[in-house]
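Residue numbers (the numbering used here), protein chains in the order written: chain Y, 2 to 336; chain D, 193 to 638.
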C-alpha cells in the first residue's frame, strides 16, 4: 500500500475535531452567552437559531470518538482512560444542555428557569471540560508499554484549567458572531459589542497559551523555536493578529457574515498552531500516530466508507443549514 | 454488601448507562418508521387523521430522540474511559463498525431531524416526507452496525490475533458473523413491538378516559395489527436465535435453562420455575416439563441439551440472573402474543374500542416491549460472561484501572443525573400523551 493510511486517518480525525469545535462551538457558545441576556424572548430566539442543527453538530464529536477508536485504538484507550474525569463531566454536562433544548419548551413557567440554567451551566461546564481535555492532552499522558500509567488526576494542572477558560472564550465568540448573523435589533447590537470584548480577550488568551505551551512540553519549544521551523510557523501568530483586527473592524459595521467567517478563521489558526505543537504524536509526548495505528485492514475498510460518505454528509448538512437560512425572529413560531 | 471490586462497578455502570440508553433507540426506531408510515398515508389519502397522529407523535419522538442522542454519546466514550483494555485489544474491529454507524446512520438521522421537526413550513410536503424517511432509515441502519459489533463479541470470526491485538482479516465475515442475522432481526422486531405497545397503550389510556375519537381508534387499530403480526413472528425469530446460541454459546443456553447436569439418557426437561443455586449446583423449588427443552432446542425429544457441569465453572455466567431475565422476556412475549390474538377476536366482535378489560391489559402492557427488550439484553449479555468477547477476552482483562472510589462516585453521579433528567423527560412525554392528538388545525412542533 502506497498510501500512508495512519496519516490519512490522522487528517480525518483532525478534520472531524475541527468541524466539531466550529459547529458545536457556536451552539455551546449560545449557552455560554445566556448570562448576558436576561430577556426570555431573546433567549428563545437564541436557542431557536441552533435548535434545528445542534444535533448534527454534536454528531461530529461522536465521529471523532468512534474514528479514534477504529483508527488508533491504543490512543483511544490510553487517552480516554487518562482523561476519564473531565470527559465524564463533559458528557453529563452535554446531557443537561441537550435535553434542555426540548425541555425548555415543554416545561411550565415555574420550571423553565431551571432548564434555562441547565442549558447555561451545561454549555459552560461542557466547554470548560473540553478545554481542560485539550490542555491535558497537550501536556502529555504517561504511558508504560501499552497502558496508561498515570493517576486519575494527572489532567488537573493550571495549564489545562487555563485552556478550559480559553475554549469558553472561543466558543462564546463563535456563538456571539453566529447570533450577529442570525439575529436582528438589540440582540444583534448587544452581540456585536460583546463579540469585540470577547475577541480581544481571546487574542490575549491565544497569546498566553502560545507562550505557555513550550514550557509545558520541552519538545514543543524545540518544534517552534528551532530554525528553520521558526520561519515556517511565524505566519501563524501574524495571521491571528490580522484576523482579530479584521474581525473587530467587521463588528463595527452592519455586516452579517464577515464576523462569523473571521472567527472561524481565527479558530482554525489557533487549532493549526496546536497541530504544529503535537505533531506527529497521537499520545503526546511519546507515542506517534504510526505506533498507535490500527492494522491496515481496519484503516482501509474505514477509509472506503469515510471517503464516500463524508462528502454526502457535508452536502445534506449544508442543505439543512440552507433550509434554515436567514434571520430568526421572535415570531418564528417553531415551538 | 459493599465488597464490589472495580470490575463489578465498571460493569454496573456500563449496564446502567446502556440499559437507560437502549430504551430511547428502541422507541425511536419504531416511532420513526411509524411516523414515516403516517406521513406517507397522509400524503397518499389526504386523510386528516394521519396528519393529526403525525403531529401528535412527532413531539413525543422529539423528546425521546434528544434523550437517545445525549445518552448515546456517553456510550461512545465509555468504551475508552472504563474499558480501555477492551478498546486497545479489539478497537480495530469495533471501532470501524462504530465509525460506519456514525457515518451512515447518526449523521443521517441528525441531519434530517431538523427539517423533520422544524421544517414543515420551510420545505414542500414531499421533501418533508423524504426527511422523515431518512430519519427512519437512519435508525434502522444504526441498528445494523451496532448489532454487527455486538454480535461479533458473541460469535467472533474473520480475524487473527497478532501481538496480543485483534487484526481484522475478512470484514464480510466480521460483519456477517454467525449470530448477527438472528440478533439483528430479533432486536429490530423488538423495537417495532415495543413501539406498537407504547402507541397502543397511549390509545387505550385515552379510550379508557372516554376520549373516543377517530384518530385514537386508528392509533389503537394500527398498534394492534402490528402486535398481532409481529409478536408471534418475534417468538419464531427468538427460537432460531436460541438454536444459534446453542451452537455457539452452549453455556449460555444451559444457564438460561437452569440445566445443571445430564443424567443417563434422560431428555432435558423445560424448567418453568426454579431458584437456581450456584454453590450447590442445583435448582430449588423446580417446576419442570419433562423432555420439552430437548424438543425446543434440539427439535428431537431424545437428544440432550448440554449442561452447565459439562463446562468448567470459571466459564459460567451468573445462572440465576440469566435464568430469570430470560423468563421475564418470554413471559412478557407470551402476554403480548395473547393481547394481539385477543384484539383480533374483539375486532370481529366489533368491541375492540370498548372492551374495558382488554383496554386495561393493553395499557398495562405499555412498557412490556421495553421491559422484554431489556430482559433479553440482560439474558444475552450476562449470559456471555465471564467473557467480554466470547472465548477471546475475559471481562476482568478489559477494564480500565480506576480505583473503587473513583468508580463508585462516577456511578453515583450517573444514577442521580439519569434518574433526574430522564424522569423529567418521561413526565413531559406522559403529559403530552395524556393530552392526546389534537383534532383541529395545523400545529407546529413543540
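The beta-carbon is built from N, C-alpha and C at its ideal position, and this holds for glycine as well.
| query | result |
| --- | --- |
| Starting from the beta carbon of residue 254 of chain D, find every residue of chain Y whose beta carbon is closer than 8 Å, and list them in chain order. | 103 |
| Within a Cβ cutoff of 8 Å, which residues of the same chain sit near residue 251 of chain Y, ignoring the five residues on either side of it in sequence? | 259, 260, 263 |
| What residue range does the alpha helix (DSSP H) around residue 581 of chain D cover? | Looking at the DSSP string, residue 581 of chain D is not in any alpha helix (DSSP H); the run it does join, the beta strand (DSSP E), is 579-581. |
| Shortest alpha-carbon distance to residue 585 of chain D belongs to which of D/277, D/262, D/481, D/530? | D/277 |
| Can you tell me whether residue 289 of chain Y is helix, strand or coil according to DSSP? | strand |
| Using the beta-carbon of each residue, which ones in chain Y are nearer than 7 Å to residue 609 of chain D? | 93, 96 |
| Just reading off the beta strand (DSSP E) that residue 480 of chain D is part of, what are its end residues? | 474-481 |
| Where residue 204 of chain D and residue 504 of chain D are concerned, what is the direct C-alpha to C-alpha distance, given to the nearest angstrom? | 25 Å |
| Contact criterion: CB-CB distance below 9 Å. Does residue 271 of chain D meet it with respect to chain Y? | yes |
| Could you tell me whether the Cβ of residue 638 of chain D comes closer than 9 Å to any Cβ of chain Y? | Because the pLDDT at residue 638 of chain D is just 39, under 50, the model does not fix this residue reliably, and the value given afterwards should be weighed accordingly. Interface residue, yes. |
| Does any residue of chain Y bring its CB to less than 9 Å from the CB of residue 263 of chain D? | yes |
| Give the residues from the region 193-211 of chain D that approach chain Y closer than 8 Å (Cβ to any Cβ), ordered along the chain. | none |
| Please say whether residue 224 of chain D and residue 303 of chain D have beta carbons closer to each other than 9 Å? | no |
| What ranges does the beta strand (DSSP E) occupy inside the region 302-376 of chain D, keeping only unbroken runs of at least 3 residues that lie completely in it? | 351-354, 357-360 |
| Going by the DSSP bridge assignment, what does residue 379 of chain D pair with across the sheet? | Paired residues: none, contrary to the question. |
| Nearest-angstrom Cα distance between residue 174 of chain Y and residue 142 of chain Y? | 30 Å |
| Report the neighbours of residue 545 of chain D on chain Y: residues whose CB is nearer than 8 Å to its CB, in chain order. | Under the 8 Å cutoff, chain Y gives no residues; its nearest Cβ is about 29 Å from residue 545 of chain D. |
| What in chain Y is Cβ-close to residue 604 of chain D, meaning under 9 Å? | Neighbours of residue 604 of chain D on chain Y: none; closest Cβ ~12 Å, over 9 Å. |
| Examine chain D for any beta-carbon lying closer than 9 Å to the beta-carbon of residue 113 of chain Y, and answer yes or no. | no |
| I need the DSSP call for residue 283 of chain Y, collapsed to helix, strand or coil. | strand |
| Once DSSP output is grouped into helix, strand and coil, what is the label at residue 326 of chain Y? | coil |
| May I have a chain-ordered list of the alpha helix (DSSP H) segments no shorter than 4 residues that lie completely inside the region 233-311 of chain D? | 240-274, 276-293, 299-310 |
| Cβ closer than 9 Å: which chain D residues qualify as neighbours of residue 233 of chain Y? | Under the 9 Å cutoff, chain D gives no residues; its nearest Cβ is about 33 Å from residue 233 of chain Y. |
| When you compare each of Y/154, Y/68, Y/205, Y/216 to residue 238 of chain Y by their alpha carbons, which one comes out closest? | Y/205 |
| Are residue 294 of chain D and residue 307 of chain D closer than 9 Å when you measure CB to CB? | no |
| Is it right to say residue 583 of chain D is buried, meaning 16 or more other beta carbons lie within 10 angstroms of its own, or is it exposed? | exposed |
| Tell me the DSSP secondary structure of residue 642 of chain D in three-state form. | Nothing about residue 642 of chain D can be read from this structure; chain D reaches only from 193 to 638. |
| Residue 361 of chain D touches chain Y at which residues, Cβ-Cβ below 7 Å? | 298 |
| Taking residue 296 of chain D as the query, report the chain Y residues whose CB atoms sit under 9 Å from its CB, ordered along the chain. | 306, 310 |
| Residue 634 of chain D to residue 68 of chain Y, Cα distance in whole Å? | Only weak support exists for where residue 634 of chain D lies, its pLDDT of 46 falling under 50; the value from the coordinates is given anyway. Their backbone Cα atoms lie some 42 Å apart in a straight line. |
| Does any CB atom of chain D fall closer than 9 Å to the CB of residue 110 of chain Y? | no |
| If I measure Cβ to Cβ from residue 12 of chain Y and keep anything under 7 Å in the same chain, skipping five residues before and after, which residues do I get? | none |
| Which residues does DSSP pair with residue 144 of chain Y in a beta bridge? | Y/149 |
| If we call anything under 9 Å between Cβ atoms a contact, is residue 445 of chain D one with residue 497 of chain D? | yes |
| Roughly how far, in whole angstroms, is the beta-carbon of residue 232 of chain Y from the beta-carbon of residue 215 of chain Y, given that I think they are within contact range, below 8 Å? | Contact doesn't hold; Cβ gap of about 17 Å is too wide. |
| Taking 9 Å as the threshold (C-beta atoms), are residue 296 of chain D and residue 306 of chain Y in contact? | yes |
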